[in-house]
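Presented below is the structure to which this report refers.
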């Protein structure tokens, strides 16, 4: 019934103009329905239970006026690094959390605060990744402690995420790169080393990778401000970027690298194919597209060395008049 009500709100809106409602209007109507049940029938209707939450998310995603952000690129990441390098230890932790967000296609709820509780999975839980779920390994697959040399890969255990209703979990592994700055292994090791140093100094920390105290983590707003500042420095519109741009940027980079849709979906832990609307076309992806289109649209492909006939020459773009061949 709730799904049907949501469909009617989206299509007709129950107004004179018969115009579909925005999500905020639908949410207000659901609150009014819950209040009416309580006032008239003395029945408590929890419209925040998992099934209602899924309907609400579907309604929100179905809105055609969603403000889609632009992807973060490598030059922007390097600009962000130049803006905060050498500031303080907390800035190093901030940078160390941004790079994994790009490579592991992290949602903001998986790394930064304020911590939110997800009710769509049937139980109240936070998706923020704990420090113990970042594991460094050497080339033999043996776990390496933070601060020790020999780490060649890092894997993140996502115990739960938004697309995982049954808390089945997933593990994503990345290997090190030759880039001196953009390396998921080096930045993960940096975050874990900073955490170990703080703990040895007696600083109380929460269980999460980005914890800066026993109750707080690096805030999403800090990451957003850094991304927008880097965008402005590169001459881009600040309003077109947010923390979600890191996730989009990672997906676009995988697509440009030739990875398939299924790989992108699994790495990003999407429960549907909705990520396809976020990807962008990059010049490097179509550098030989024109040549391929010419070859593919040629109806006749004569054997090498044979004299092409008139139709073959036309298919190659030859515009000589037919009487010139007589």
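Residue numbers (the numbering used here): 4 to 329.
For every residue, glycine included, the Cβ atom is placed at its ideal position computed from N, Cα and C.
Remember, predicted model here, so these are calculated numbers, not experimental data.
Given this structure, state the Cα-to-Cα distance separating residue i from residue j, to the nearest angstrom.
{"i": "residue 146", "j": "residue 103", "result": "18 Å"}
{"i": "residue 19", "j": "residue 25", "result": "15 Å"}
{"i": "residue 193", "j": "residue 99", "result": "6 Å"}
{"i": "residue 22", "j": "residue 28", "result": "12 Å"}
{"i": "residue 94", "j": "residue 101", "result": "11 Å"}
{"i": "residue 106", "j": "residue 33", "result": "38 Å"}
{"i": "residue 183", "j": "residue 267", "result": "25 Å"}
{"i": "residue 208", "j": "residue 170", "result": "25 Å"}
{"i": "residue 205", "j": "residue 165", "result": "34 Å"}
{"i": "residue 227", "j": "residue 144", "result": "35 Å"}
{"i": "residue 73", "j": "residue 148", "result": "37 Å"}
{"i": "residue 240", "j": "residue 35", "result": "39 Å"}
{"i": "residue 87", "j": "residue 244", "result": "18 Å"}
{"i": "residue 295", "j": "residue 203", "result": "60 Å"}
{"i": "residue 223", "j": "residue 297", "result": "48 Å"}
{"i": "residue 41", "j": "residue 12", "result": "22 Å"}
{"i": "residue 210", "j": "residue 44", "result": "44 Å"}
{"i": "residue 318", "j": "residue 299", "result": "Note that residue 318 scores 46 on pLDDT, short of 50, meaning its location in the model is unreliable; the coordinates nonetheless yield the value given after this. About 11 Å."}
{"i": "residue 238", "j": "residue 89", "result": "24 Å"}
{"i": "residue 322", "j": "residue 293", "result": "Confidence in residue 322 is poor, its pLDDT being 48 and thus under 50, which makes the residue's placement unreliable; the coordinate value appears in the next sentence. Each residue's alpha carbon lies about 20 Å from the other."}
{"i": "residue 37", "j": "residue 242", "result": "36 Å"}
{"i": "residue 152", "j": "residue 179", "result": "13 Å"}
{"i": "residue 39", "j": "residue 225", "result": "41 Å"}
{"i": "residue 289", "j": "residue 181", "result": "26 Å"}
Among the options, whose alpha-carbon lies nearest the alpha-carbon of residue i?
{"i": "residue 96", "options": "287, 197, 33 and 243", "result": "197"}
{"i": "residue 71", "options": "277, 148, 285 and 287", "result": "277"}
{"i": "residue 257", "options": "38, 293, 42 and 281", "result": "281"}
{"i": "residue 84", "options": "43, 229, 152 and 298", "result": "229"}
{"i": "residue 286", "options": "225, 299, 261 and 298", "result": "261"}
Are residue i and residue j close, meaning C-beta to C-beta below 9 Å?
{"i": "residue 157", "j": "residue 176", "result": "yes"}
{"i": "residue 199", "j": "residue 150", "result": "yes"}
{"i": "residue 274", "j": "residue 167", "result": "yes"}
{"i": "residue 246", "j": "residue 111", "result": "yes"}
{"i": "residue 132", "j": "residue 252", "result": "no"}
{"i": "residue 249", "j": "residue 173", "result": "no"}
{"i": "residue 255", "j": "residue 272", "result": "no"}
{"i": "residue 154", "j": "residue 140", "result": "yes"}
{"i": "residue 291", "j": "residue 279", "result": "no"}
{"i": "residue 195", "j": "residue 259", "result": "no"}
{"i": "residue 137", "j": "residue 162", "result": "no"}
{"i": "residue 92", "j": "residue 201", "result": "yes"}
Look up residue i in the DSSP assignment and give the residues it is bridged to.
{"i": "residue 161", "result": "173"}
{"i": "residue 178", "result": "156"}
{"i": "residue 268", "result": "Partner(s): none; residue 268 has no beta bridge."}
{"i": "residue 137", "result": "159"}
{"i": "residue 116", "result": "222"}
{"i": "residue 240", "result": "Answer is none; residue 240 lacks a bridge partner."}
{"i": "residue 147", "result": "139"}
{"i": "residue 274", "result": "Its beta-bridge partners do not exist; DSSP assigns none."}
{"i": "residue 214", "result": "220"}
Counting only beta-carbon atoms, is residue i nearer than 9 Å to chain C?
{"i": "residue 300", "result": "You won't find chain C in this structure, because it holds only one protein chain."}
Q | Cβ contact (3+ pairs, closer than 8 Å) linking the stretch 214 to 227 and the stretch 108 to 119 | A | The stretch 214 to 227 is in contact with the stretch 108 to 119.
Q: Evaluate contact between the stretch 229 to 241 and the stretch 78 to 91, counting only Cβ atoms and requiring at least three cross-stretch pairs below 8 Å.
A: With the cut-off at 8 Å, the stretch 229 to 241 and the stretch 78 to 91 touch.
Q. Can at least three beta-carbon pairs, one atom from the stretch 216 to 229 and one from the stretch 182 to 190, be found at a separation below 8 Å?
A. With the rule of 3 Cβ pairs closer than 8 Å, the stretch 216 to 229 does not count as touching the stretch 182 to 190.
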